[in-house]
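2 protein chains.
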Amino acid sequence: MAKRRRGNGNNGTSNGASGIKKTKTENGSIPSGKKQLHLTAFMRPVSLHTGAWRYPGAYADANFNLAHLKSFIRKLESAKFDAFFMADHLAVLNMPVEALKRSHTTTSFEPFTLLSALSQVTEKIGLAATASTTYDEPYHIARRFASLDHLSNGRAAWNIVTTGNPESAKNFGQDEHMQHSDRYKRAREFYDVVTGLWDSFADDAFIRDQKSGIFLDPEKMHTLNHKGDELQVKGPLNIARPVQGWPVIVQAGQSEPGRQLAAETAEAVFCSPKDLESAKSLYADIKERAEKAGRDRNHLKILPAVLIIIGDTAEEAQAKRLKLDSLVHYDSAISSLSIALGADASGFDPDAPLPTDLPETNASKSSRVGVLKLAEDEKLTVRQLAGRYGGYAGLAFVGTTESIANEMGRWLDEGGCDGFTVTLPFLPAGLDDVAEKLVPELQRRGIFRLDYEGTTLRDHLGLPRPQNQFFAKT
Amino acid sequence: MAKRRRGNGNNGTSNGASGIKKTKTENGSIPSGKKQLHLTAFMRPVSLHTGAWRYPGAYADANFNLAHLKSFIRKLESAKFDAFFMADHLAVLNMPVEALKRSHTTTSFEPFTLLSALSQVTEKIGLAATASTTYDEPYHIARRFASLDHLSNGRAAWNIVTTGNPESAKNFGQDEHMQHSDRYKRAREFYDVVTGLWDSFADDAFIRDQKSGIFLDPEKMHTLNHKGDELQVKGPLNIARPVQGWPVIVQAGQSEPGRQLAAETAEAVFCSPKDLESAKSLYADIKERAEKAGRDRNHLKILPAVLIIIGDTAEEAQAKRLKLDSLVHYDSAISSLSIALGADASGFDPDAPLPTDLPETNASKSSRVGVLKLAEDEKLTVRQLAGRYGGYAGLAFVGTTESIANEMGRWLDEGGCDGFTVTLPFLPAGLDDVAEKLVPELQRRGIFRLDYEGTTLRDHLGLPRPQNQFFAKT
Ligand SMILES: Cc1cc2nc3c(=O)[nH]c(=O)nc-3n(C[C@H](O)[C@H](O)[C@H](O)COP(=O)(O)O)c2cc1C
Ligand SMILES: Cc1cc2nc3c(=O)[nH]c(=O)nc-3n(C[C@H](O)[C@H](O)[C@H](O)COP(=O)(O)O)c2cc1C
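Which chain is which? The protein sequence lines are A and B, in order.
The numbering of the first sequence is this note's numbering, which starts it at 1 and goes up by one.
The numbering of the second sequence is this note's numbering, which starts it at 475 and goes up by one.
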């Protein structure tokens, strides 16, 4: 099959497309010409931290309570976030029963149904759903995203995943999870089929002339007739072309084929670098691959995931984090620490520092080095370290609004990212802090929008609207 | 696999369960003790009549305009309809290009996304989505309906279809449509799997005790481990048990295996008898089969599809229908008439009655007899007959509110139905007539509710809430 390429869009906002804000806003106090941050919120689960639901004042059922989710998305919209992002999994995650019974994420809404509902209580914020190319059909996926895009007036995004959790296979009639390389091969072809189906109708195919009785122009309907190695799909899709042309394509693969898929297809990349150095190299690598694939590097936004905890002082923020980590049950926490250390930590004195005479190990050296550095830097006891690894051990910005805004600006300036995928420590307070304290600070510094300038998610992200690959613009 | 049986529910509204209204309403003028009608509205497409979008004053884009759909569902809710029902198809229907370009149903929203959106602009009306057992996976279907049921607070229904349109196969990697009997075999097993997955968690599985840190009781989670002829699905589902226990099960199969599936599984049956006589025999047959399968006959509601056209006089209603039929293009209309007659009608004088010397045919006698009777009864020209067959030739009640209310009452009294699946002639006027004229008349007669008495679709239909098959009620 011929490799299709996205047309050069012509409806993109030109200021956003380069990532540089060129227009002065009405509020003259905002310095122009600064590179702009993009912010999406990681909202399924509403917090990745396993202790989140137990934090004082937190909604224990935040992940599965529609009224709460409505208030969260409205808050994010009032803070002008680019998008609300739902991760997704096709199984109850396989964990020991001791962890399972403490997990606040076992029950969640399904992304398409939840985002469609939320589309009706919001007006501008983007709605990103995760959907698997391994355990679903391109006709269904194309149709649902097209429908969500129409219902939301152009706010849908598709996070393409190949599904990492091997347990999923057993829920879909398969004994074995498909091999990693096969999953990515299928994903690449799946993307071609879905985008081909979105282009089934020209934007102006529907005439609806009551007088003549002509509803649509059949010359403006394309039958895909895809016959590939993995997929055979005839088409056309039974829904008009999405408002955005194509919903925004998101990708979060980290492996070699994952990065390559992102470079060829993604318009936003969710990733999880552990620090600015690794973020910069990932950023450079993916942007370079995108250019090699013939794409504009500005049409691909890199948005590392970061946990944000805000305090009035650095000490207060750090105390919140220690409190949160302490809410992870010791049994599951200590086993996470053991894995990170590559040594059984269950016999250590919980309230003392790490013993200096750690047993030798064959496990990953870099992971152990990380634990030792963390223990040293933050002077943590075994119990506190365990809480960190059992809670959330990924990238975190913990501090005052000023220090976090500094850090975000630095990542943006130094080529570590185009924005962030914000993950929250606990709800609603952790979200309120981001929306009411951090965002205004970013706005004051002129690196985040004061208001939405367009209506679609493509507008927010500064991405062009793809041309229909089968029909020239008329 | 052991055959599962629905538990005797204990949350059903007892007045509804027998179909007899026992309680007096607050408004004392309503005679009690009368059997009650159930009304669902067929809303995808919003009109089945192919000329609907051209009717004077009709919204040409009614089928694919969210603002209109919101106003329609709110109107139906104000008229206390049981449910809003979306049919569904997994392909652009295969029709000649002359018909295709005049079809107002080529572009439609996808059911789960649309109904989830509509759940947020309504409070009581049921939301019935069609989903195929032939071209989807039980884990996805179970999950989406569970999610819709939670988002809507217990208003979801699943219309189980095996998908009749063979074109669908080609959109799902298959050359051939699965055989009819295989489709129904798979559907029956699919139902067992989906209902089994809905019961993955006991209703009281989620504890969420912030103090102890116990979120759920793992003893109250069931792993299905289904291994059948057609399907292997492990479970558990990653969402809490639906609000209704199980969303309401709907079925519309007409064949022998279709009726049997309905009798064993359905709680509402959509059907399309052509008159009261055939409705009665269908009604008796399905209720009998349900009893043979060990079920309560009152827990299965039979709701024939009927087109409703209302006029201030019988003549006005008939004129509306002729006007509507006249909006079907003659080319497609005449070919529909030819099929019904089993003879090429394209050479007949359009504006004369049917010729008396029709050519002999091998085609269905009963269909030709029907055409002749219709031509005779309504004194129709060839053009008018063609418009009828090209427009909508199914069951129709055309007349004044009084005559239609009489007819509906008669069907209910004589055992032809438990209510109707209302299809509309054109929108919005045809819907407004039903909501503002017909429903009040049915209410005056005491055969339709003045207000919703419960909150879930099961409440409206008088159906019990199924017990969890794996966990006793605590
Ligand atoms: C921020 C972020 C969000 C992710 N969300 C999902 C998700 O919702 N569902 C999923 O199956 N995988 C998710 N992943 C996993 C990735 O899709 C991918 O499988 C993982 O990063 C491993 O990379 P690989 O697939 O290239 O080996 C996510 C990853 C990141 C960094
Ligand atoms: C009121 C009504 C609505 C229906 N809706 C659908 C639908 O949305 N999608 C579909 O594939 N079939 C639909 N059907 C078709 C039935 O599911 C069924 O395939 C058809 O009645 C033929 O019966 P059989 O499948 O038992 O042969 C509908 C039928 C009726 C009477």
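Built from N, CA and C at the ideal position, the CB exists for glycine as well.
All of these numbers come straight from a predicted model, not from anything done at the bench.
field: Residues that DSSP places opposite Ser606(B) in a beta bridge
entry: Val635(B).
task: Spell out whether any CB of chain B is found under 8 angstroms from the CB atom of Ala117(A).
output: Contact with chain B is found for Ala117(A), since one of that chain's Cβ atoms lies less than 8 angstroms from the residue's Cβ.
message: With H, G and I counted as helix, E and B as strand and the rest as coil, what does DSSP make of His563(B)?
response: For His563(B), the secondary structure class from DSSP, reduced to helix, strand or coil, is coil.
task: Say yes only if the C-beta of Asp285(A) is nearer than 7 angstroms to one or more non-hydrogen atoms of ligand 1, and no if none qualify.
output: Checking the Cβ of Asp285(A) against ligand 1 gives no.
- prompt: When the distance is taken between beta carbons, is Met86(A) closer than 8 angstroms to Ala128(A)?
  reply: For Ala128(A) and Met86(A), yes; Cβs fall inside 8 angstroms.
query: Considering only residues of the same chain and omitting the five flanking positions on each side of Asp82(A), which have a CB-CB separation below 8 angstroms?
result: Excluding residues up to 5 positions away in sequence, His38, Leu39, Thr40, Ile125, Gly126, Gly419, Leu457, His460 and Leu461 lie with their Cβ nearer than 8 angstroms to the Cβ of Asp82(A) in the same chain.
query: For Lys170(A), which option in Asp136(A), Ala91(A) and Ile239(A) has the closest C-alpha, if you only look at C-alpha atoms?
result: Here the closest residue by C-alpha is Ala91(A).
- prompt: Per DSSP, what kind of secondary structure is His949(B) in: helix, strand or coil?
  reply: Chain B is shown only over 475 to 948; residue 949(B) falls outside these bounds and no answer can be derived.
task: Put Phe471(A) into one of helix, strand or coil per three-state DSSP.
output: Phe471(A) sits in coil when the DSSP states are folded into three classes, being neither helix nor strand.
- request: Report the option in Ala726(B), Ile784(B) and Thr637(B) whose CA atom is closest to the CA atom of Ala901(B).
  value: The sequence shown places Leu at residue 901(B), not Ala. Answer by Cα proximity: Ile784(B).
message: Using only the alpha-carbon positions, how far apart do Phe689(B) and Lys101(A) sit?
response: Cα to Cα, Phe689(B) sits roughly 6 angstroms from Lys101(A).
field: 6 angstroms CB neighbourhood of Ser841(B) in its chain, flanking five on each side removed
entry: Its chain contains Ala814 as the residues whose beta carbon lies nearer than 6 angstroms to that of Ser841(B), once the 5 sequence neighbours on both sides are disregarded; these appear in chain order.
- prompt: Under 8 angstroms between C-beta atoms, does Lys75(A) make it to chain B?
  reply: The beta carbon of Lys75(A) sits no closer than 8 angstroms to any beta carbon of chain B.
query: For the putative contact between Ile776(B) and Phe871(B), defined by C-beta atoms under 8 angstroms, what is the C-beta separation to the nearest angstrom?
result: Not really, about 17 angstroms apart at Cβ, beyond 8 angstroms.
Per DSSP, the bridge partner or partners of Phe42(A): Looking at the DSSP assignment, Phe42(A) forms a beta bridge with Phe85(A).
field: Around ligand 1, Cβ to any heavy atom closer than 7 angstroms, ordered along the chain
entry: Every residue with a CB closer than 7 angstroms to a heavy atom of ligand 1 is listed here in chain order: Phe42(A), Ala87(A), Asp88(A), His89(A), Thr130(A), Ser132(A), Asn159(A), Val161(A), Thr162(A), Thr163(A), Gly164(A), Asn165(A), His180(A), Ala252(A), Gly253(A), Gln254(A), Ser255(A), Pro257(A), Gly258(A), Phe270(A), Cys271(A), Ser272(A), Ala305(A) and Thr421(A).
task: Spell out whether any CB of chain A is found under 8 angstroms from the CB atom of Pro692(B).
output: A Cβ of chain A is located within less than 8 angstroms of the beta carbon of Pro692(B).
- prompt: In chain B, which residues lie less than 7 angstroms from Ala91(A) when you measure between Cβ atoms?
  reply: Those within 7 angstroms of Ala91(A) in chain B are Asn712.
task: Report the three-state DSSP secondary structure of Gln684(B) (helix, strand or coil).
output: Reduced to three states, the DSSP call for Gln684(B) is coil.
query: Would a C-beta distance cut-off of 8 angstroms place Glu741(B) and Leu589(B) closer than the cut-off?
result: Judged by their CB atoms, Glu741(B) and Leu589(B) are not nearer to each other than the 8 angstroms cut-off.
message: Could you check whether the Cβ of Phe680(B) sits closer than 8 angstroms to any Cβ belonging to chain A?
response: Taking Cβ atoms only, chain A reaches closer than 8 angstroms to Phe680(B), which makes this a yes.
Option nearest Ala826(B) by Cα separation, candidates Lys708(B), Gly719(B) and Glu850(B): Comparing Cα-Cα distances from Ala826(B) to each of Lys708(B), Gly719(B) and Glu850(B), the minimum goes to Glu850(B).
- request: Count the other C-beta atoms from every protein chain shown that fall within 10 angstroms of the C-beta of Ala248(A), then say buried if there are 16 or more, exposed otherwise.
  value: For clarity, residue 248(A) is Val in the given sequence; the question names Ala instead. The residue in question, Val248(A), is buried, as its Cβ has 16 or more Cβ neighbours within 10 Å.
query: Which class does Lys101(A) belong to by DSSP, given the choice of helix, strand or coil?
result: Coil.
task: Give the residues of chain B in contact with Val233(A), contact being defined as C-beta atoms less than 9 angstroms apart.
output: The contacting residues are Lys644, Asn645, Phe646 and Gly647.
query: In terms of residues, what are the limits of the alpha helix (DSSP H) holding Ala586(B)?
result: Correcting the residue type first, residue 586(B) is Phe in the shown sequence and not Ala. Per DSSP, Phe586(B) belongs to the alpha helix (DSSP H) from Pro585 to Ser593.
- prompt: Looking only at its own chain, which residues have a Cβ that is under 7 angstroms from the Cβ of Tyr757(B), when we skip the five neighbours before and after it?
  reply: So the qualifying residues of the chain are Ile776, Gly889, Gly890 and Cys891.
message: Could you tell me the alpha carbon to alpha carbon distance between Glu584(B) and Phe112(A), rounded to whole angstroms?
response: If you take the alpha carbons of Glu584(B) and Phe112(A), they lie about 11 angstroms apart.
task: Kindly confirm or deny that the region 150 to 160 of chain A and the region 195 to 213 of chain A touch, where touching means at least three C-beta pairs closer than 8 angstroms.
output: No: fewer than three Cβ pairs fall under 8 angstroms.
query: Applying a beta-carbon distance threshold of less than 7 angstroms, which residues of chain A neighbour Ile688(B)?
result: Simply Lys101 and Arg102.
query: Is Ala340(A) helix, strand or coil by DSSP?
result: Three-state result, Ala340(A): helix.
message: I'd like to know if Ser800(B) contacts chain A, where contact means its C-beta is closer than 8 angstroms to some C-beta of that chain.
response: False, the Cβ-Cβ gap to chain A never drops below 8 angstroms.
task: Can you give me the Cβ contacts of Ala536(B) inside the same chain, cut-off strictly under 7 angstroms, excluding the 5 residues immediately before and after it?
output: Excluding the 5 residues flanking it on each side, Ala536(B) has same chain C-beta neighbours closer than 7 angstroms at Val520, Trp527, His542 and Leu901, in chain order.
message: Between the alpha carbons of Arg857(B) and Ser552(B), how many angstroms are there, rounded?
response: Approximately 38 angstroms, taken between the alpha carbons.
- request: Taking Trp527(B) as the query, report the chain A residues whose CB atoms sit under 8 angstroms from its CB, ordered along the chain.
  value: Result: Arg208, Gln210 and Phe215.
message: To be precise: take each residue of the region 269 to 295 of chain A, compare its Cβ to all Cβ atoms of chain B, and keep it if any distance is under 9 angstroms. Which residues remain?
response: Result list empty, no residue passes.
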